[in-house]
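Each residue of the sequence shown is one higher than the last, beginning at 0 in numbering that gives the first Met the number 0. Yeah, the Cβ is synthetic: ideal placement off N, Cα and C, and Gly gets one too. Please read the structure below before turning to the comments.
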Amino acid sequence: MIIFLLGEDRAYLSWLAHHRNGFVVDWLRKPTGKRPMLHRATCATIRSSPAKNTHWTTGRHVKVCALGLDELVQWARDESGAAPDPCEVCQPTDDEASAPVGDRHLTKLGKEIVEYVVEAAVIHLDGHDQDYRLTVGDIARYLDKTAKQVTSGLTRLADDGYIRLSGKPERDGGLPDDCRVLPTSDALRTLPAFTAMPRPAIEAELEGLSDEE
Ligand SMILES: [Zn+2]
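Below is the structure:
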């Protein structure tokens, strides 16, 4: 468990980026009578830019991060005397399997890309007779754009945990054409067929996509 106090925005955001399965308790430091709020690490309300002149961890807000839900709930109980309120946006106490993936607001383009990547992956997972070789170039061509034009969209999807990219943007700011694009289990779980499937089982299926080089 990590407690982020004054002036630790960068460390806090870095923790969120590296612990997508984690949870965060957001609490006003001074006694306000407000109960701490519990979020998933992926919740938009604790990731998005705060209002002007405010910061994530400065001011009166304190953020406590952990991979385990139980220890955070216990911390909130100990510190505030009450169990934290679950955030309505990310519904952190909902069962993993039934939790909506859609709390990481996809743009129209993002949705289109995720659907395309997932479709390509499912065709491969069903058939096993063709190599999965979806690249940045394929997606750009599908959208009638250049690799450079789809780079920011793809990078954002990767940051949000929907896809994995095998390369980094080049000096001109675009991803290489032959950079491979793989869906994550969260991407597959946008399909009803995978929503109820346990994450490890989906991960195991996805292994088959990345093994083939
Ligand atoms: Zn939330």
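DSSP beta-bridge partners of residue i
i     : result
ARG84 : Before going further, note that residue 84 is Asp rather than Arg in the sequence given. Answer is MET36, bridged to ASP84.
ILE1  : CYS64
N-terminal and C-terminal residue of the alpha helix (DSSP H) that residue i is part of
i      : result
ASP185 : 184-187
ALA65  : That residue, ALA65, is in no alpha helix (DSSP H); its beta strand (DSSP E) goes 60-65.
ASP137 : 135-141
ASP289 : This structure does not reach residue 289, given that the chain is present from 0 up to 212, and the question cannot be answered.
LEU190 : Per DSSP, LEU190 belongs to no alpha helix (DSSP H) and is neither H nor E.
ASP69  : 68-79
THR92  : Where THR92 is concerned, there is no enclosing alpha helix (DSSP H), given that its DSSP letter is neither H nor E.
ALA195 : Run containing ALA195: none; DSSP gives neither H nor E here.
THR154 : 146-158
LEU8   : The residue asked about is misnamed: residue 8 is Asp in this sequence, not Leu. 8-17 is the extent of the alpha helix (DSSP H) around ASP8.
THR41  : Run containing THR41: none; DSSP gives neither H nor E here.
Secondary structure of residue i, DSSP reduced to three states
i      : result
LEU164 : strand
ASP102 : In this predicted model, ASP102 has a pLDDT of only 45, less than 50, meaning its place in the structure is not dependable; the value taken from the coordinates is given anyway. If DSSP states are grouped into helix, strand and coil, ASP102 belongs with coil.
ASP125 : helix
GLU111 : helix
GLY172 : coil
Cβ neighbours of residue i in the same chain (closer than 6 Å, five flanking residues each side left out)
i      : result
THR44  : VAL88
GLY160 : ARG19, THR183, ASP185
ALA81  : ARG34
LEU179 : Note that residue 179 is Arg in the sequence shown here, rather than Leu. If we look at ARG179 and ignore the five residues flanking it on each side, its Cβ neighbours are THR134, SER165.
ALA119 : LEU133
Segment limits, beta strand (DSSP E) that includes residue i
i     : result
LEU27 : 22-27
Chain-order list of residues whose beta-carbon lies under 8 Å from that of residue i (same chain, five-residue window excluded)
i      : result
CYS42  : VAL23, CYS86, VAL88, CYS89, PRO91, ASP102
GLU70  : MET0
GLY172 : LYS147, THR150
GLU78  : TRP26, PRO35
ILE138 : ILE112, TYR115, VAL116, VAL149, LEU153, VAL180
VAL72  : LEU37, ALA82, PRO83
Contacting residues, own chain, Cβ-Cβ under 7 Å from residue i (five flanking each side not counted)
i      : result
GLU220 : The chain is shown only over 0 to 212; residue 220 falls outside these bounds and no answer can be derived.
GLY136 : ALA146, ASP176, ASP177
| task | For the segment 21-28 and the segment 62-78, state whether three or more C-beta atom pairs, one from each stretch, are separated by less than 8 Å. | result | yes
| message | Using a Cβ distance threshold of 8 Å, determine whether the segment 186-204 contacts the segment 144-151, with at least three qualifying pairs required. | response | no
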